[in-house]
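Below you'll find the structure, written out as structure tokens, and then a few comments.
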Amino acid sequence: MDELQFRRKAYAEPNCQEPDFLQAMKNDAGKAATIDGLKALDDRIAKAMNVDVPERLTENLILRQQLKQHHTQKRKTGFMMAMAASVAFAAGVSFTLLRAAPVDLADHAIAHVIHESVALDMNQQVSYQQVNKQLVSLVNMQDSKFTKQPGDVYYTSYCDFQGVRSLHMVMQGDHGKVTLFIVPAEDRMKFEKSFSGDKYKGMGFEKDGAYMIMVGENQSDLNFVKKEIEGTFI
Numbered sequence: 152m153d154e155l156q157f158r159r160k161a162y163a164e165p166n167c168q169e170p171d172f173l174q175a176m177k178n179d180a181g182k183a184a185t186i187d188g189l190k191a192l193d194d195r196i197a198k199a200m201n202v203d204v205p206e207r208l209t210e211n212l213i214l215r216q217q218l219k220q221h222h223t224q225k226r227k228t229g230f231m232m233a234m235a236a237s238v239a240f241a242a243g244v245s246f247t248l249l250r251a252a253p254v255d256l257a258d259h260a261i262a263h264v265i266h267e268s269v270a271l272d273m274n275q276q277v278s279y280q281q282v283n284k285q286l287v288s289l290v291n292m293q294d295s296k297f298t299k300q301p302g303d304v305y306y307t308s309y310c311d312f313q314g315v316r317s318l319h320m321v322m323q324g325d326h327g328k329v330t331l332f333i334v335p336a337e338d339r340m341k342f343e344k345s346f347s348g349d350k351y352k353g354m355g356f357e358k359d360g361a362y363m364i365m366v367g368e369n370q371s372d373l374n375f376v377k378k379e380i381e382g383t384f385i
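Using our numbering, read the sequence shown as starting at 152 and increasing by one per residue.
The structure is reproduced here in structure tokens:
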């Protein structure tokens, strides 16, 4: 199990008992410590959420979801469904709330880059034809495509922006690497043209029915990738 696979499994299912996952923890004390921390966090959150179901279930579920927006999407969805399971209409309520809750694209993008930082070390040498094949499976983007290679693309993978299937790419900027998220546009999404965190800067723009969210360490890299996209994506 490589580093990226381990991280994804750790954040999604820290109690996983798969042999290769357990062996990875056994071989690396740092990984084992990370899992212990995630399990402890799960326990604290579970205790905090162990309350009687309120009369205004929908409003309270949305509030809890917003307070936990920096957790990974898979784990957050799991907690919501676990809580909603205490009532008869659990599945329907959980899915409806997930699709209705607002999405802060900036926060989600930065958190995703931090949690999957290993992607920045990948070098898959992805062609624009491969990217176009992945774009077809995104909602309302069957006709969207790159007309030529948008510079060096080192990594691509699908990701989840709170229930919205999106594309995660790592591209070459002017000097450093830039992470690009192509997210099918929805009205509930909170979109910012410029944002920043402790380490990363970000830019966003809308093009052909999708939000292009870029995250990198240098503004010049973001500007470079934006120009590449504007000249190659239709």
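Ideal placement from N, C-alpha and C gives every residue a C-beta, glycine not left out.
Source: prediction; values computed, not measured.
Are residue i and residue j touching if we call contact CB-CB under 8 Å?
i: G353; j: V334; result: no
i: T383; j: K328; result: no
i: L318; j: T330; result: no
i: A270; j: L173; result: no
i: K296; j: L289; result: no
i: G355; j: E343; result: yes
i: G139; j: M322; result: Nothing about residue 139 can be read from this structure; the chain reaches only from 152 to 385.
i: V282; j: V315; result: no
i: A260; j: I196; result: no
Spatial neighbours of residue i within its chain, please: C-beta separation below 8 Å, excluding the five flanking residues on both sides.
i: G324; result: G367, N369, S371, D372, L373, F375, V376
i: P165; result: I186, L189, K190, D193
i: H326; result: N369, S371, D372
i: K182; result: F157, A161, A175, M176
i: K358; result: I380, E381, F384
Count the other CB atoms within 10 Å of the CB of residue i; is the residue buried (16 or more) or exposed (fewer)?
i: Q313; result: buried
i: E169; result: exposed
i: A180; result: exposed
i: A257; result: buried
i: A184; result: exposed
i: E379; result: buried
i: D294; result: exposed
i: Y309; result: exposed
For residue i, I'd like the list of residues in its chain whose CB is within less than 6 Å of its CB, leaving aside the five on either flank, ordered along the chain.
i: F240; result: A caution first: F240 carries a pLDDT of 46, below 50, which makes its placement in the model too unreliable to give a value.
i: C167; result: K160
i: K284; result: none
i: G348; result: I261
Apart from the five residues just before and just after residue i, which ones in its own chain have a Cβ nearer than 7 Å to its Cβ?
i: Y362; result: L256, V334, A336, M340, F342, G355
i: P253; result: R339, K341
i: L292; result: The amino acid occupying residue 292 in the given sequence is Met; Leu does not appear at that position. Only L286, P335, G360, A361 meet the Cβ criterion.
i: M152; result: D171, F172, A175
i: Y351; result: I261, V264, V366, G367, E368
Minimum length 3: unbroken beta strand (DSSP E) runs contained in the region 357 to 382
361 to 367
What ranges does the beta strand (DSSP E) occupy inside the region 279 to 364, keeping only unbroken runs of at least 3 residues that lie completely in it?
304 to 312, 315 to 323, 328 to 335, 345 to 347, 352 to 358
Complete alpha helix (DSSP H) runs within the region 177 to 202 (minimum length 4 residues, chain order)
180 to 199
Does the region 264 to 282 touch the region 334 to 345, meaning 3 or more C-beta pairs lie closer than 8 Å?
In short, these stretches do not touch, since the Cβ pair count stays below three.
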